[in-house]
Every structure is written in structure tokens, then in C-alpha cells.
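To keep things clear, I will list the structure first and then write my remarks on it.
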Amino acid sequence: MDLEQLVAAQDGVVSRAQALACGLTEDALTWRLRSGRWQRVHPGVYVTFSGPLPFAARVWAAILRAGRGAVASHRTAAHLDGLCDDPGPVVHVTAPGDRHVRGKTDGVRVHYAHRLPRSRHPARNPPRTRVEDTVLDLVDVASHPREVETWVTAACQRRATTPERLADALGRRKKIRWRAVAVALLADVVDGAHSPLELRHLRRVERAHGLPTGCRQRRVAGERVIWIDVDYAEFHLRVELDGRIGHTGEGRFRDRRRDNHATVGGHATLRYGHADVFGDPCGVAAEHVRVLRARGWTGTPLSCRPGCPVPACGRP
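With the first letter of the sequence shown counted as 1, position 114 gets the number 114 in full-length UniProt numbering; the numbers rise by one all the way through.
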């Protein structure tokens with residue numbers, strides 16, 4: 001590969017060693033830098049254009065700075081694969097665990113892993129960890145279980161991977177923080193909870209109060225396909241959990257059409273957002289119980305804590 005092809009493949013970034021190996025002389029390299037045609041990004045790493053660096057160029061520069069075998073990882077890899085919308089201020093790369101990158105590089109965080117040959121994606125550019133290993137790397141450095149929920153559910157909700165593939169990757173990790181949380185979380189994601197809001201509803205509204213088990217992410221085909229977040233089909237009750245910004249504008253009209261269609265078909269619809277499910281799960285459960293009771297449910301609701309209003313509202 002000649003220099004022009006290499007630079008194009010690396011989003012305009014090249015290392016000193018690569019440029020010399022492609023036949024560029026020391027004098028030619030120095031002239032490009034002094035004339036401003038090229039920029040020095042890190043020691044021995046250059047971009048072959050002037051002006052600000054796009055994100056992909058910053059990633060390539062960090063990978064080349066970290067050296068042979070290094071790949072993008074953690075939040076950087078997550079952004080490259082569409083798991084998050086904000087890459088954050090730092091580029092994360094992982095280098096093989098048998099060596100050390102000398103010196104501190106501004107804007108770059110270098111991690112080390114002996115498993116890198118197995119976790120590196122075989123084809124994607126810029127080089128990065130596989131999606132499942134990216135998620136588990138982020139789980140391992142999470143400071144709170146809520147972050148674990150966010151990364152695992154985002155990966156599955158955005159269809160970047162599946163709970164089964166994540167579970168396989170987790171089984172190959174000898175050491176990882178929050179393992180128990182991740183195992184329980186993957187089981188709930190398999191049951192259809194695809195976001196932190198849906199997980200909260202499953203655990204703190206439904207299970208904590210002894211409600212019947214709803215069918216999650218149910219696909220209903222008709223004139224147009226609709227998805228129901230939680231469907232208590234036996235009792236003709238549907239629950240919609242609006243945790244995303246898409247429930248405004250055209251999304252709001254789609255919600256209205258869906259709710260109207262359900263009502264015409266004899267279904268009741270309860271709709272909640274983050275403030276409801278996270279702020280008052282007992283109050284949400286109490287509303288569920290009242291509607292379920294009116295529609296034939298004869299089960300016994302549970303109290304999740306002293307003062308919980310659910311048992312009282314659930315008396316037949």
C-alpha cells in the first residue's frame with residue numbers, strides 16, 4: 001500500500017514510521033510539517049491536512065500513538081458502533097497487556113488487556129473491540145449499577161448485539177466488576193426489558209408489587225405494525241413507557257393513533273414516563289392494580305415497603 005492509500009484508509013492520519021516505510025524521506029516529512037500541510041497530533045503521529053480534526057482522525061491518531069495492536073475501546077468504541085451519541089472528551093484505546101505506552105498523551109486514555117487478540121474486532125475500521133467486549137469493558141469501569149443498566153440495554157435496544165452474545169462474552173471473562181448485576185440484567189433483557197425505564201417498571205412496579213407478568217415488546221400486526229411496551233393481554237391492559245424524546249411531534253401523533261386503536265379494540269392504555277416510574281413506582285403500581293381489578297384480575301398485590309399504598313387499593 002502506498003502512502004496515499006494508507007492515509008485514505010486511516011482518515012488522513014499517519015505515523016512517522018509508516019510514512020518513512022512508504023518511501024517518504026526525512027526532509028520531505030519535515031517540509032510538510034513546517035509548511036503547515038501536515039500537523040503533528042502526538043509524538044510521531046501526524047494528520048495530512050490543516051484545520052480541526054474530525055472524530056475519526058482523533059481516534060486513528062490515538063491508536064497509532066498507542067502502537068502496534070492497539071484498538072479503540074470503551075466509550076470511544078461504543079460511539080463508533082452507535083451505542084451512544086456522545087463520545088466524550090477523551091479517546092479511549094486499549095493496547096496489548098504485555099507492553100506499556102510511555103508518556104502521557106493529552107486527550108487519550110490508554111487501557112491494557114491480555115485478552116485483546118480475542119476481543120479485537122476482525123474487520124472494522126478504525127480498529128476497535130467487538131461490541132460485546134466494548135459493553136463489558138464499560139460495565140467493568142462503571143461506578144454505579146445504573147450505568148451497567150444503561151450500557152447493556154442500549155446495546156440490545158439499538159440492536160448492536162443480543163443478550164445471548166453478551167452472556168457468552170461475559171462467561172469468557174475471568175474477572176469483571178458488577179458480574180452479578182450484569183447476569184441478572186441480561187435475564188431481564190431476555191424477558192423484553194429494553195431500557196432502564198422498562199427495567200425499573202419490571203422490577204419496582206410489577207415484581208415488587210406481585211402484579212401479573214406482562215408480555216414485553218409485543219409486536220401487533222395490522223394495517224401497520226405496532227409495538228406494545230407491556231401487554232397484559234388477558235386483562236386487555238397495555239402499558240406504554242415513554243422514555244425517549246421521540247414522543248413529541250410526529251411521534252406524539254403515532255402514540256395517539258395507537259392509543260385510540262387500542263381503545264376501539266377494548267383495551268385500556270396506561271402511559272408513564274421517567275418521573276412516574278422512577279419517582280413513584282408504588283403510585284404507578286396502585287393504578288395498575290385498580291385497572292387490573294376492574295378487568296378481572298383476582299390476584300393478591302404485595303406491599304413493597306411500610307406505607308406502600310398498593311395492598312389497600314387492591315382489596316376487592
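Where a beta carbon is used, it is the ideal one built from N, C-alpha and C, also for glycine. All values reported here derive from a predicted model rather than from experimental measurement.
- Its Cα nearest to that of T134, the residue R115 stands out among A286, V13 and R115.
- The beta carbons of A70 and V93 sit about 5 Å from each other, so the pair counts as a contact at 8 Å.
- Contact annotation: P281 and R204 have beta-carbon atoms nearer than 9 Å.
- In this structure D86 is exposed. Its beta-carbon is surrounded by fewer than 16 other beta-carbon atoms within 10 angstroms.
- Within 10 angstroms of the beta-carbon of V190 lie fewer than 16 other beta-carbons, which makes it exposed.
- For R219, the enclosing beta strand (DSSP E) stretches over residues C215 to V220.
- Contact between the segment 99-108 and the segment 155-171 is absent: fewer than 3 CB-CB pairs across the two stretches fall below 8 Å.
- Between L292 and L211, the C-beta spacing is below 9 Å.
- In the structure shown, the three-state DSSP call for V90 is coil.
- Listed in chain order, the beta strand (DSSP E) runs fully inside the segment 84-159 are 91-96 and 108-113, counting runs of at least 3 residues.
- Counting along the chain, V239 sits inside the beta strand (DSSP E) bounded by residues L237 to L241.
- In this structure, H42 sits away from T129, with a CB-CB distance that is not shorter than 9 Å.
- Short of 7 Å from the beta carbon of S15, and not among the five residues preceding or following it, lie these beta carbons of its own chain, in chain order: G44, V45 and L64.
- Remark: three or more beta-carbon pairs, one from each stretch, lie closer than 8 Å, so the segment 135-155 and the segment 166-185 are flagged as touching.
- Around the beta carbon of H144, fewer than 16 other beta carbons lie within 10 angstroms, which makes this residue exposed.
- Taken through DSSP and simplified to helix, strand or coil, T76 comes out as helix.
- Taking all protein chains in view, the Cβ of A180 is surrounded by fewer than 16 other Cβ atoms within 10 Å, so the residue is classified as exposed.
- If you look at Q39, you'll find it isn't in any alpha helix (DSSP H); it sits in the beta strand (DSSP E) that goes Q39 to H42.
- A straight line joining the alpha-carbon of W38 with that of S119 spans about 33 Å.
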